[in-house]
């Protein structure tokens, strides 16, 4: 019998399960426009990965996606053809291998060997030679050496250097530079994985209950606690039952600011104008219950409206969810006392928790979203009564999405005035010159939430 008989062949090594799960999540994100957090959480549950395996898989996915643009610059120097000519599946394998070699404590030989094995299993034996050769080239330099090789010199092109060294598209760095004197700290903060922050919905839970479940008190929000060491928040009973939830502290602060802004007269009707997926709606509804107010949450997409209903399920009261277009109110003008306009935006303020967003968004997205943002703010002002307040909120610090929208709308609305919101963030430092408020991950440990408080006169 020939030595090449299948019976005499050594069995093929099976790919490492954790790396295979990570690769498939990355493919879902890059190939199907998936969201990393949703795809990863589902994969971890489905594959029953926990503990160190879950932590390793999370770093593989988030780290590879976070540094993708930088790794592409290195790979472009290591592959003999344009990266655009590579199959997307192959390129993602190379990115995943590069992350292990340059930013993780993985032995170089083991990283290359495991990625070759994974390549054979996922895209075939014929591609494994290229992956082996390219990753061996990558392993010949460390991260700092690759940056020095590929990036422009900082004294000649600082933004170009930072784009490579800090893994942010140049246009994003330019936007941040318009509102920050020193941009490097926020880029570093964006590259640090965020902690899991919980919200104790008032009247249903409190921070002490979350602390007893293993969390620790957060810095700014009276309803926030930080889940130490990661893990599944759903294991906490208050979260599992909807009495608490997962919510960034910045989101809690802007919702609380709207709820505590002083108004005279009636305070019975609150509106969340673009509510999905409903995290802020749930906190607002719980805060509304502290008085005698009722929340109406509006969301144009049916599936997202269902997410809002799910978030509100544990909140008592006659709060309601409407499926509708917030730019075309079906209620009378001046019907509400408080209105939240948490408008769709580029999400540039949440790059640390949405690692794929920095490479998915483009400057065109800013321009395309602007008319909708202005229309929603105008509708919010129309919806609030004289003397009532509107909170215009974005999870983006891009000036075209923040003060640019506010100034443009207020120029057409003599019946509305911008008020100083900083007093609504007690104890929170470095809020800027006002009257609006911009939070930052490097200053506050939150997403870069923006709030402008507007009162209808």
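Residue numbers (my numbering): 102 to 558.
Virtual Cβ for every residue (Gly too), placed ideally from N, Cα, C.
Neighbour flag for residue i against chain C, beta carbons, 8 angstroms
i: residue 328; result: Annotation note: the requested chain C is absent from the structure, which comprises a single protein chain.
For residue i, three-class secondary structure by DSSP
i: residue 538; result: strand
i: residue 171; result: helix
i: residue 255; result: coil
i: residue 485; result: strand
i: residue 364; result: coil
i: residue 220; result: helix
i: residue 426; result: coil
i: residue 241; result: coil
i: residue 107; result: Unreliable positioning characterises residue 107 in this predicted model, as indicated by a pLDDT of 45, which lies under 50. The coordinate reading is nonetheless provided below. Helix, per DSSP.
i: residue 546; result: coil
i: residue 283; result: coil
i: residue 198; result: helix
i: residue 437; result: strand
i: residue 271; result: helix
i: residue 398; result: strand
For residue j and residue i, believed in contact at Cβ under 8 angstroms, the rounded distance
i: residue 432; j: residue 170; result: Residue 432 to residue 170, Cβ: 45 angstroms. No contact.
i: residue 384; j: residue 302; result: 6 angstroms
i: residue 491; j: residue 440; result: 5 angstroms
i: residue 226; j: residue 212; result: The pair is not a contact, with the Cβ atoms about 19 angstroms apart (cut-off 8 angstroms).
i: residue 207; j: residue 158; result: Incorrect: roughly 13 angstroms between the Cβ atoms, too far for contact.
i: residue 162; j: residue 126; result: 5 angstroms
i: residue 194; j: residue 251; result: 20 angstroms between Cβ atoms; not a contact.
i: residue 412; j: residue 366; result: Wrong, their Cβ atoms sit about 29 angstroms apart, outside the cutoff.
i: residue 269; j: residue 291; result: 7 angstroms
i: residue 166; j: residue 235; result: No, residue 166 and residue 235 are not in contact; Cβ-Cβ is about 19 angstroms, not under 8 angstroms.
i: residue 150; j: residue 354; result: No, residue 150 and residue 354 are not in contact; Cβ-Cβ is about 33 angstroms, not under 8 angstroms.
i: residue 239; j: residue 199; result: 5 angstroms
i: residue 215; j: residue 128; result: That pair is no contact at about 17 angstroms.
i: residue 280; j: residue 498; result: 6 angstroms
i: residue 480; j: residue 514; result: Residue 480 to residue 514, Cβ: 11 angstroms. No contact.
i: residue 471; j: residue 506; result: 7 angstroms
Nearest-angstrom Cα separation, counted from residue j out to residue i
i: residue 486; j: residue 525; result: 21 angstroms
i: residue 393; j: residue 306; result: 19 angstroms
i: residue 319; j: residue 502; result: 28 angstroms
i: residue 516; j: residue 134; result: 42 angstroms
i: residue 154; j: residue 123; result: 11 angstroms
i: residue 496; j: residue 450; result: 5 angstroms
i: residue 361; j: residue 387; result: 13 angstroms
i: residue 430; j: residue 402; result: 15 angstroms
i: residue 222; j: residue 116; result: 7 angstroms
i: residue 463; j: residue 296; result: 27 angstroms
i: residue 342; j: residue 335; result: 9 angstroms
i: residue 321; j: residue 352; result: 11 angstroms
i: residue 266; j: residue 259; result: 10 angstroms
i: residue 261; j: residue 248; result: 11 angstroms
i: residue 148; j: residue 332; result: 16 angstroms
i: residue 186; j: residue 359; result: 50 angstroms
i: residue 377; j: residue 447; result: 15 angstroms
i: residue 528; j: residue 256; result: 39 angstroms
Neighbourhood of residue i by C-beta, 8 angstroms cutoff - its chain only, sequence neighbours within 5 removed
i: residue 473; result: 428, 444 and 445
i: residue 284; result: 263, 274, 277 and 278
i: residue 375; result: 399, 400, 401, 427, 442, 443, 444, 445 and 477
i: residue 511; result: 517, 518, 519 and 555
i: residue 254; result: 262
i: residue 564; result: The displayed coordinates of the chain run from 102 to 558. Any statement about residue 564 would go beyond what the structure contains.
Residues of its chain near residue i, where Cβ-Cβ distance is below 7 angstroms and the 5 sequence neighbours each way are ignored
i: residue 532; result: 523, 526 and 538
i: residue 344; result: 302, 305, 306 and 415
i: residue 237; result: 213
i: residue 310; result: 301 and 339
i: residue 317; result: 326, 327 and 329
i: residue 114; result: 218
Nearest residue (CA-CA) to residue i, options the options
i: residue 328; options: 508, 236 and 347; result: 347
i: residue 137; options: 498, 405 and 294; result: 294
i: residue 370; options: 210, 435 and 511; result: 435
i: residue 409; options: 382, 244 and 416; result: 382
i: residue 287; options: 556, 551, 552 and 544; result: 544
i: residue 131; options: 147, 117, 197 and 176; result: 197
i: residue 308; options: 296, 321 and 325; result: 325
i: residue 144; options: 121, 166 and 165; result: 121
i: residue 229; options: 261, 364 and 192; result: 192
i: residue 493; options: 156, 356, 203 and 437; result: 356
i: residue 483; options: 528, 372, 466 and 547; result: 372
i: residue 224; options: 247, 188 and 248; result: 188
i: residue 551; options: 182, 500, 514 and 253; result: 500
i: residue 395; options: 364, 378, 438 and 424; result: 438
i: residue 242; options: 114, 377, 349 and 209; result: 209
i: residue 558; options: 364, 547, 549 and 488; result: 488
Closer than 7 angstroms: residue i CB and nearest the ligand SAH heavy atom
i: residue 202; result: No copy of the ligand SAH appears in this structure; indeed no ligand is present at all.
Cβ shell of residue i (< 6 angstroms), same chain only, five flanking positions each side left out
i: residue 390; result: 304 and 418
i: residue 422; result: 398, 406, 409 and 410
i: residue 556; result: 490, 518 and 520
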